[in-house]
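Below you'll find the structure, written out as structure tokens, and then a few comments.
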Amino acid sequence: MSESTDLFHEAYDRDDIAYGDRPSAALSAYLQQAQCTGSALDLGAGAGRDTIALAKAGYDVTSVDLSERGLERIRQRAEANHVLDKLQTQLADVRDLVLEPNSYSAIVATTVLDHIPAEDAAAVWLNITNALTDQGMLYVEVHATEDPGSGIEPGLSTDAPVSETANAVINYFAPNQLASWATAEKSRLRILRYEERLEWDYTHGPEHLHGKAILLAVRAGHHFQWHGQPIAFPRKS
Ligand SMILES: C[S@@+](CC[C@H](N)C(=O)[O-])C[C@H]1O[C@@H](n2cnc3c(N)ncnc32)[C@H](O)[C@@H]1O
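Each residue of the sequence shown is one higher than the one before, counting from 1 in full-length UniProt numbering.
As structure tokens, then:
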């Protein structure tokens, strides 16, 4: 994708790289509490805030994005964090990936299923839920109809400021939609955390509001020492 067609080139080219360098909070909580080995896939990885956290936690990570500038920034950040040897970058459309069943211990898709048409998002969902290992983790974040940029109620009636990159979001998720995907029997997932929420965002462009749905899940039947986010009722030492 050339600079002129890459909707995110300028956002990732800045000194103050868009979306910051802190990983998504629920993902971060998982990485602190789980055993992080094997292969991970970061879909729509952007400039890599989640990729770097996955690699530092111990995974061998493949970061997939359409933005060459984003992937360059990921390689720079990986080098600075001494995890370049744990990283592969792939300039590709997530819709073109053919994933082997049972092949990834962790799959992250932070705001990418909402950047592709609804029927494509459903196909990618099937692909990624099949690709998780028996002890695999899935983290997904999508923009929801509560977002002021959605053009759909209730976001439509919100007069809060809209994100500078809202034009790239074309598929706003309805209330409970991501939850119903996650609880469908064929997804074979167990939900650790699901939330629909509003977020004020100061990580890029002028102050703006997002409406999001957030899912952290593991393969059904997989149980480990998960104490929530934030950790609730820790054992006294
Ligand atoms: C809002 S950004 C999120 C970036 C990153 N996940 C984060 O949270 O920091 C969405 C990213 O998805 C990428 N993207 C959009 N459509 C894509 C597609 N069909 N295949 C691969 N990447 C895509 C964009 O280039 C962009 O980097």
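Using N, Cα and C, we set each Cβ at its ideal position, and we do this for glycine too.
For residue i and residue j, what's the separation of their Cα atoms in angstroms?
| i | j | result |
| --- | --- | --- |
| residue 24 | residue 194 | 13 Å |
| residue 155 | residue 176 | 15 Å |
| residue 14 | residue 68 | 14 Å |
| residue 235 | residue 197 | 29 Å |
| residue 128 | residue 16 | 31 Å |
| residue 116 | residue 170 | 6 Å |
Keeping to the same chain, check which residues put their C-beta closer than 7 Å to that of residue i; ignore five residues upstream and five downstream.
| i | result |
| --- | --- |
| residue 22 | 49 |
| residue 162 | 148, 149, 208 |
| residue 181 | 125, 187 |
| residue 3 | 9 |
Residues in its own chain within less than 6 Å of residue i by CB, not counting five upstream and five downstream?
| i | result |
| --- | --- |
| residue 7 | 168 |
| residue 150 | 172 |
| residue 88 | 62 |
| residue 58 | 36, 37 |
| residue 103 | 131 |
Which word fits residue i, buried or exposed, when buried means at least 16 other C-beta atoms lie within 10 angstroms of its C-beta?
| i | result |
| --- | --- |
| residue 227 | exposed |
| residue 105 | buried |
| residue 200 | exposed |
| residue 146 | buried |
How would you write the range of the beta strand (DSSP E) that residue i sits in, first residue to last?
| i | result |
| --- | --- |
| residue 10 | Residue 10 -> not in any beta strand (DSSP E); alpha helix (DSSP H) instead, spanning 9-13. |
| residue 140 | 132-143 |
| residue 72 | First-last for residue 72: 68-80, but that is the alpha helix (DSSP H), not the beta strand (DSSP E). |
| residue 203 | No beta strand (DSSP E) holds residue 203; DSSP gives it neither H nor E. |
If I follow the unbroken alpha helix (DSSP H) through residue i, where does it start and stop?
| i | result |
| --- | --- |
| residue 22 | Taken as a continuous stretch (DSSP letters only), residue 22 belongs to no alpha helix (DSSP H), as it is neither H nor E. |
| residue 177 | 177-183 |
| residue 110 | Where residue 110 is concerned, there is no enclosing alpha helix (DSSP H), although the beta strand (DSSP E) it sits in stretches over 104-110. |
| residue 152 | That residue, residue 152, is in no alpha helix (DSSP H); it is neither H nor E in DSSP. |
Any beta-carbon of chain B closer than 8 Å to the one on residue i?
| i | result |
| --- | --- |
| residue 10 | No chain B appears in this structure, which consists of one protein chain only. |
Sorted by chain position, which residues of the same chain lie with C-beta nearer than 8 Å to residue i's C-beta, five sequence neighbours on each side aside?
| i | result |
| --- | --- |
| residue 191 | 179, 182, 183, 215, 216, 217 |
Would the stretch 139-153 count as touching the stretch 207-217 if we require 3 or more Cβ pairs under 8 Å?
yes
Does the stretch 104-115 touch the stretch 69-77, meaning 3 or more C-beta pairs lie closer than 8 Å?
no
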